[in-house]
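For the record, the sequence lines run as chains V and D. Quick note on numbering: full-length UniProt numbering labels position 4 of the first sequence as 4, and the sequence is numbered without any gaps. Quick note on numbering: full-length UniProt numbering labels position 249 of the second sequence as 249, and the sequence is numbered without any gaps. First the structure, in the form of structure tokens, and then the observations on it.
Number of protein chains: 2
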Amino acid sequence: MPTISDVASRAGVSPATASRVLNGKSTVAPDLAQRVQAAAAELQYRPNGLARNLRRRETTVIALIIGDVENPFFTSLARGVEDAAHAEGYSVILCNSDEDAAKERRYVDVALQERAAGVVLSSTGSTESIGMLRDQRIPFVAVDRPVSGAPTDTAVVDTRSAAAAATRHMIEQGYERIGCIAGPAGIATADDRLEGYRDALRAAGRRVPARLVRHSEFKAAGARSAAMQLLDRRERPDALLVANCVMARGVLEAMAELGLHSGRDVGLAAFDDDPWTTLITPPMTVIAQPAYDLGLVSTRMLLSRIAAPERAATTTTLHATLVPRGSTQR
Amino acid sequence: MPTISDVASRAGVSPATASRVLNGKSTVAPDLAQRVQAAAAELQYRPNGLARNLRRRETTVIALIIGDVENPFFTSLARGVEDAAHAEGYSVILCNSDEDAAKERRYVDVALQERAAGVVLSSTGSTESIGMLRDQRIPFVAVDRPVSGAPTDTAVVDTRSAAAAATRHMIEQGYERIGCIAGPAGIATADDRLEGYRDALRAAGRRVPARLVRHSEFKAAGARSAAMQLLDRRERPDALLVANCVMARGVLEAMAELGLHSGRDVGLAAFDDDPWTTLITPPMTVIAQPAYDLGLVSTRMLLSRIAAPERAATTTTLHATLVPRGSTQR
DNA sequence: CTGTTAGCGCGTTCAA
DNA sequence: TTGAACGCGCTAACAG
Numbered sequence: 001m002p003t004i005s006d007v008a009s010r011a012g013v014s015p016a017t018a019s020r021v022l023n024g025k026s027t028v029a030p031d032l033a034q035r036v037q038a039a040a041a042e043l044q045y046r047p048n049g050l051a052r053n054l055r056r057r058e059t060t061v062i063a064l065i066i067g068d069v070e071n072p073f074f075t076s077l078a079r080g081v082e083d084a085a086h087a088e089g090y091s092v093i094l095c096n097s098d099e100d101a102a103k104e105r106r107y108v109d110v111a112l113q114e115r116a117a118g119v120v121l122s123s124t125g126s127t128e129s130i131g132m133l134r135d136q137r138i139p140f141v142a143v144d145r146p147v148s149g150a151p152t153d154t155a156v157v158d159t160r161s162a163a164a165a166a167t168r169h170m171i172e173q174g175y176e177r178i179g180c181i182a183g184p185a186g187i188a189t190a191d192d193r194l195e196g197y198r199d200a201l202r203a204a205g206r207r208v209p210a211r212l213v214r215h216s217e218f219k220a221a222g223a224r225s226a227a228m229q230l231l232d233r234r235e236r237p238d239a240l241l242v243a244n245c246v247m248a249r250g251v252l253e254a255m256a257e258l259g260l261h262s263g264r265d266v267g268l269a270a271f272d273d274d275p276w277t278t279l280i281t282p283p284m285t286v287i288a289q290p291a292y293d294l295g296l297v298s299t300r301m302l303l304s305r306i307a308a309p310e311r312a313a314t315t316t317t318l319h320a321t322l323v324p325r326g327s328t329q330r
Numbered sequence: 001m002p003t004i005s006d007v008a009s010r011a012g013v014s015p016a017t018a019s020r021v022l023n024g025k026s027t028v029a030p031d032l033a034q035r036v037q038a039a040a041a042e043l044q045y046r047p048n049g050l051a052r053n054l055r056r057r058e059t060t061v062i063a064l065i066i067g068d069v070e071n072p073f074f075t076s077l078a079r080g081v082e083d084a085a086h087a088e089g090y091s092v093i094l095c096n097s098d099e100d101a102a103k104e105r106r107y108v109d110v111a112l113q114e115r116a117a118g119v120v121l122s123s124t125g126s127t128e129s130i131g132m133l134r135d136q137r138i139p140f141v142a143v144d145r146p147v148s149g150a151p152t153d154t155a156v157v158d159t160r161s162a163a164a165a166a167t168r169h170m171i172e173q174g175y176e177r178i179g180c181i182a183g184p185a186g187i188a189t190a191d192d193r194l195e196g197y198r199d200a201l202r203a204a205g206r207r208v209p210a211r212l213v214r215h216s217e218f219k220a221a222g223a224r225s226a227a228m229q230l231l232d233r234r235e236r237p238d239a240l241l242v243a244n245c246v247m248a249r250g251v252l253e254a255m256a257e258l259g260l261h262s263g264r265d266v267g268l269a270a271f272d273d274d275p276w277t278t279l280i281t282p283p284m285t286v287i288a289q290p291a292y293d294l295g296l297v298s299t300r301m302l303l304s305r306i307a308a309p310e311r312a313a314t315t316t317t318l319h320a321t322l323v324p325r326g327s328t329q330r
């Protein structure tokens, strides 16, 4: 592969001048510039990004660390991150932590080694990886899930009040034994949604029925067996709040197996507005989260922190919207 | 951020020795090694990947360029790529071309500049980006969609015969006016599926009804309006082969709007086994593609090409499976 | 406006 | 076994 020196000598100039032309820095004589451009084109010269970044002591890639690329919420978020980054000339490296602290840690390590310009992190809650980020003073922002400790740039959804609103909606629809299939304990969004569910029950003067609550990982399979446990007995809940749409799939499978119909037999509401939710019968009530915007906002925060590292940390909260549909109608 | 020299001087050795310890090369005195390790830990030393890669003249990241991160087929494929890469110590940078040749070109350019170790490409068909890859002699593999020109490592699905099988299945189910909503003309998988559809009709001694064929981009919205055009008239098809599940969503929306039921009114089969397809009524007949395996296989091909650049190009074809369900039963 | 010089942080010669 | 010196390819200083 040709280097900038190859281009320079072919154009009969010094490497420095070639560099200036290729980067549009300071002004060089038009004829020299011409020759450099020509030489670069002939040689199919492509600058070595590694050397350039080493010299400039900065990169233009940001790392996005999320729990599950196959969850539409995160892919939508990733789209937002990508678009925002792209617009400012940054590339995005997408890392899948699988909700596993060790994998998350490993990816943070890679981002640090490769001197990423910044990190957008949807954390499992691992204090270790957050500590690494802070120790190395690399710009980062928490997305979807806040991190504990020192103030940190954060972009989240008001997931707790949204969960409460959905629960209240089901109460108003006349459901009496409302259960919850929550995400893994310890993950902020999972905990918050469960709390919101409890908030609404308490506000309505009801007991919070511990036996109607189950935890599961954010996957269909886990939610499926949780739903089987909850629904396959006499004293079953007559409605369910589910922590996300991936899990809702598992719940729907369980209900189908048990011959239960949503809405009529069991009210159903879940986080995330998967496009499929309007295609099932009845259409599913969802709490729509602005995932794409979350990606956009978080990345803009990151980019402005990269530009101004000493600025105080801020938190942006976006709002989720309850979309009532047939699955919460008797 | 501390450099290897900082570690060295703190340990009272030369940078060269520190390097040897940190990389486990040649053997150094145990006490020196100990001191170096200690110094590195105390300083939270993290090698500068840029400098290291520049020096080694190689990187351990591969670029994956796909058309749409929000398409479950591609996210599943991406998972496969990631797992295979991960297993060999490579990172994956995920790039979204949006099925746009210019964006694809730009990402290829980035991969080239950053000296990616290799590229996994699901191409829009842009000869330009493929030309760039070939000119620069960077290892790459075509996934899901073959590329034209010189022999290239390729991992694909036998999508044409799968489309034929699905069409034959609908013929056997007694459908008589079978239409097709194909992907964008020019994209290999779209063209192949359309050809497979035609193959099956011809094999059954039927005419290929050009008026029952529509093209659309690989999105729900496009397929929705294509379906509206096809279905909202007297001489409508009584069955439809749809190029993928994202598009099938659009078709289902159109059918709902027209009050048409799949199976009974219009037979329906689509590529990709989205988990939601079993949750709708009736369950949808799909052609399941081994997307994850495709990612795995393609990446292993890439890695072995990186290891042996002169090896002859190979093509691996994986098989899709027809999964007949209610939507193709009257 | 141009060229020369000097490193960015590493890993790898080559001598000792 | 260890260290000094060099260079990967580039750009930022500094001279001229």
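Note that the Cβ used here is the ideal one computed from N, Cα and C, for glycine as well.
query                                                                                                                                                                              : result
8 angstroms is my cut-off, CB to CB: does A51/V come that close to chain D?                                                                                                        : yes
Taking the Cβ atom as the reference point for each residue, do A84/D and L296/D lie within a distance shorter than 8 angstroms?                                                    : yes
Could you tell me if S123/D is buried or exposed, where buried requires 16 or more neighbouring beta carbons within 10 angstroms of its beta carbon?                               : buried
Quick one: what's C95/V bridged to in DSSP?                                                                                                                                        : I65/V
E104/V and S126/V look like a contact to me (Cβ under 8 angstroms); what is the Cβ gap, rounded to whole Å?                                                                        : 5 angstroms
What distance in whole Å lies between the Cβ atoms of S97/D and Y107/D, which are believed to be in contact at a cut-off of 8 angstroms?                                           : 6 angstroms
With 8 angstroms as the threshold, decide whether the Cβ of S76/D is near any Cβ in chain V.                                                                                       : yes
Out of Q289/D, C245/D and R202/D, which one is the CA nearest neighbour of L279/V?                                                                                                 : C245/D
For residue 332/V, I'd like the list of residues in its chain whose CB is within less than 7 angstroms of its CB, leaving aside the five on either flank, ordered along the chain. : Given a span of 1 to 330 for chain V in the structure shown, any question on residue 332/V remains unanswerable.
Taking Cβ positions only, does I62/D come closer than 8 angstroms to chain V?                                                                                                      : no
By Cβ distance, which residues of its chain are closer than 6 angstroms to A18/D, with the 5 residues on each side in sequence left out?                                           : I4, V7, A8 and V36
To which residues of the same chain is E217/V closer than 8 angstroms at the C-beta, ignoring the five residues directly before and after it?                                      : E99, G183 and P184
Tell me the rounded alpha-carbon separation between A162/V and A38/D.                                                                                                              : 49 angstroms
Cutting at 6 angstroms between CB atoms, please list the residues of its own chain near T159/D, excluding the five before and the five after it.                                   : T189, D192 and R193
Roughly how many angstroms lie between the CA atoms of E70/D and R79/V, to the nearest whole one?                                                                                  : 8 angstroms
Assuming L231/V and A254/V form a contact by the criterion Cβ under 8 angstroms, report the distance between their Cβ atoms to the nearest whole angstrom.                         : 6 angstroms
Please list the terminal residues of the continuous alpha helix (DSSP H) segment that includes V297/D.                                                                             : A291 to A307
Rank T299/D, P283/D, D272/D and I306/D by C-alpha distance to the C-alpha of A320/D and give the top, closest one.                                                                 : D272/D
Got a sec: is the Cβ-Cβ distance from residue 370/D to anything in chain V below 8 angstroms?                                                                                      : Residue 370/D is absent from the structure shown; chain D starts at 1 and stops at 330.
Hey, Q229/D and R214/D are a contact pair by Cβ (cut 8 angstroms); roughly how many whole angstroms apart?                                                                         : 6 angstroms
Can you pull the chain D neighbours of S91/V, defined as C-beta to C-beta under 9 angstroms?                                                                                       : I93, C95, Y107, V110 and E114
What distance in whole Å lies between the Cβ atoms of L77/V and Y292/V, which are believed to be in contact at a cut-off of 8 angstroms?                                           : 7 angstroms
When the distance is taken between beta carbons, is F74/V closer than 8 angstroms to I66/V?                                                                                        : yes
Quick one: give me the first and last residue of the alpha helix (DSSP H) that F73/D is part of.                                                                                   : P72 to A87
Check the Cβ-Cβ distances between D144/V and every residue of chain D, and say whether any is below 8 angstroms.                                                                   : no
Once the 5 residues before and after T314/V are set aside, which same chain residues still bring their CB inside 8 angstroms of it?                                                : D153, T154 and M301
Mind listing the chain D neighbours of N48/V? Cutoff is C-beta to C-beta under 7 angstroms, in chain order.                                                                        : R115
E257/V CB to nearest chain D CB: under 8 angstroms?                                                                                                                                : no
In this structure, how does DSSP classify S262/D when only helix, strand and coil are distinguished?                                                                               : strand
Is it buried or exposed for T317/D, if we count other Cβ within 10 angstroms and need 16 for buried?                                                                               : exposed
Is I171/D near A142/D, with beta carbons less than 8 angstroms apart?                                                                                                              : no
Would you tell me roughly how many angstroms separate the C-alpha atoms of R115/V and E58/V, rounded to the nearest one?                                                           : 7 angstroms
Find out if the Cβ-Cβ distance for the pair L50/D, L50/V is shorter than 8 angstroms.                                                                                              : yes
Quick one: what does DSSP say G24/D is sitting in, helix, strand or coil?                                                                                                          : coil
Could you spell out the range, first to last residue, of the beta strand (DSSP E) harbouring R214/D?                                                                               : V213 to H215
Between the alpha carbons of P47/V and V147/V, how many angstroms are there, rounded?                                                                                              : 38 angstroms
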